[in-house]
Amino acid sequence: MNERCRAGESCRALTSDGAAITTRPLCHSCVDDIQVRLDQLPAYWQALHSAKAKSLVPQGAGTKVQGSADPGTPLQLHVVDLIDEISQFLAWVDGVRVADLINRPLLSYERRYGGRILEADGVYLALGISRLWGRAEAQIGLQREYARRFGECPSCDQPSLGAYIGDDTIVCSTCGDSMSWLEYRKLTLKRARDKKGKR
Ligand SMILES: [Zn+2]
Ligand SMILES: [Zn+2]
Numbered sequence: 405m406n407e408r409c410r411a412g413e414s415c416r417a418l419t420s421d422g423a424a425i426t427t428r429p430l431c432h433s434c435v436d437d438i439q440v441r442l443d444q445l446p447a448y449w450q451a452l453h454s455a456k457a458k459s460l461v462p463q464g465a466g467t468k469v470q471g472s473a474d475p476g477t478p479l480q481l482h483v484v485d486l487i488d489e490i491s492q493f494l495a496w497v498d499g500v501r502v503a504d505l506i507n508r509p510l511l512s513y514e515r516r517y518g519g520r521i522l523e524a525d526g527v528y529l530a531l532g533i534s535r536l537w538g539r540a541e542a543q544i545g546l547q548r549e550y551a552r553r554f555g556e557c558p559s560c561d562q563p564s565l566g567a568y569i570g571d572d573t574i575v576c577s578t579c580g581d582s583m584s585w586l587e588y589r590k591l592t593l594k595r596a597r598d599k600k601g602k603r
């Protein structure tokens with residue numbers, strides 16, 4: 405029987421007509437997309453975890469907040485919550501592929517944190533994974549550290565190159581030009597050589 409993909413408004417194959425028509429609980433596009441998210445989620449969990457461990461600077465800080473005893477900022481609690489939720493869902497999914505997960509019937513799951521029972525079928529878990537990925541993505545994107553890089557931008561000559569930690573792309577904040585790490589390395593080596601030559 406053909407039905408609408410249960411992702412509803414968030415269906416990857418959404419048309420003006422609504423979610424995709426499919427013979428399965430979730431359409432093919434959604435299954436593929438959520439599988440990618442599921443595969444990435446452990447890395448996101450790790451990133452959030454080390455961010456928490458590093459005790460990220462609360463928002464609006466960076467100036468003089470040393471000595472202010474306020475480690476429990478809302479931001480931190482939000483991260484802790486998200487980390488728990490991700491490990492909870494990953495445990496429930498238990499390594500099952502999304503294509504199989506969506507056929508799982510309604511089961512009762514006990515929450516590790518808080519002990520409440522959750523009644524959920526496989527589609528519910530799959531959509532939960534998708535939502536958690538979105539939250540993790542937003543969180544990590546929000547808190548990604550930016551580091552200035554030395555040297556002038558080859559396009560605009562301004563000393564405004566930088567990169568997000570862990571990102572492979574160097575971006576100029578003046579003209580928006582970008583280059584790979586390798587190109588940047590080559591550029592700085594060349595500049596160093598040029599300088600030596602001048603002496
Ligand atoms: Zn769909
Ligand atoms: Zn530039």
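Note that the numbering used here gives residue 437 to position 33 of the sequence shown, counting from 1, and the numbers run on in steps of one.
Virtual Cβ for every residue (Gly too), placed ideally from N, Cα, C.
Quantities reported herein were computed from a predicted structural model and do not represent experimental measurements.
CB contact flag (residue i, residue j, <8 Å)
| i | j | result |
| --- | --- | --- |
| Ala540 | Ala551 | no |
| Leu510 | Asp525 | yes |
| Trp537 | Leu481 | no |
| Thr578 | Gln562 | yes |
| Gln492 | Tyr517 | yes |
| Lys456 | Val484 | yes |
| Ser534 | Arg441 | yes |
Chain-order list of residues whose beta-carbon lies under 7 Å from that of residue i (same chain, five-residue window excluded)
| i | result |
| --- | --- |
| Leu430 | Cys409, Arg410, Ala411, Ile506, Val527, Ala530 |
| Asp421 | none |
| Ser564 | Cys557, Cys576, Ser577, Thr578 |
| Glu523 | Leu510, Ser512 |
| Trp585 | Asp572, Ile574 |
| Ile438 | Val502, Ala530, Ile533, Ser534 |
Own chain partners of residue i with C-beta closer than 6 Å, once the 5 adjacent residues on each side are dropped
| i | result |
| --- | --- |
| Val435 | Val502, Ala503 |
| Ala424 | Cys409, Cys415, Ala417, Cys431 |
| Tyr448 | Ala540 |
| Val469 | With a pLDDT of 43 at Val469, under the threshold of 50, the predicted position of this residue should be treated as unreliable, though the coordinate-derived value follows. Nothing meets the Cβ criterion. |
Residue range of the alpha helix (DSSP H) that includes residue i
| i | result |
| --- | --- |
| Ala455 | 432-457 |
| Ala503 | 502-505 |
Terminal residues of the beta strand (DSSP E) in which residue i lies
| i | result |
| --- | --- |
| Leu510 | Element bounds for Leu510: n/a, residue is neither H nor E. |
| Ala524 | 521-524 |
Collapsed DSSP secondary structure at residue i in the structure displayed
| i | result |
| --- | --- |
| Glu556 | coil |
| Arg597 | helix |
| Gly422 | strand |
| Arg428 | coil |
| Gly550 | A small fix is needed here, since residue 550 is Tyr in this sequence, not Gly. In the structure shown, Tyr550 sits in a strand (DSSP, three-state: E or B). |
| Arg535 | helix |
Cβ neighbours of residue i in the same chain (closer than 8 Å, five flanking residues each side left out)
| i | result |
| --- | --- |
| Thr592 | Phe554, Gly555 |
| Ile521 | Ser512, Tyr513, Glu514, Arg515 |
| Thr426 | Asn406, Glu407, Arg408, Cys409, His432 |
| Met583 | Pro558, Thr573, Ile574, Leu591 |
| Ile490 | Leu445, Tyr448, Trp449, Leu452, Leu536, Ala540 |
| Leu486 | Leu452, Leu536, Arg539, Ala540, Gln543 |
Which runs of the beta strand (DSSP E), 3 residues or longer, sit entirely within the region 562-594?
-> 565-568, 573-576, 582-584
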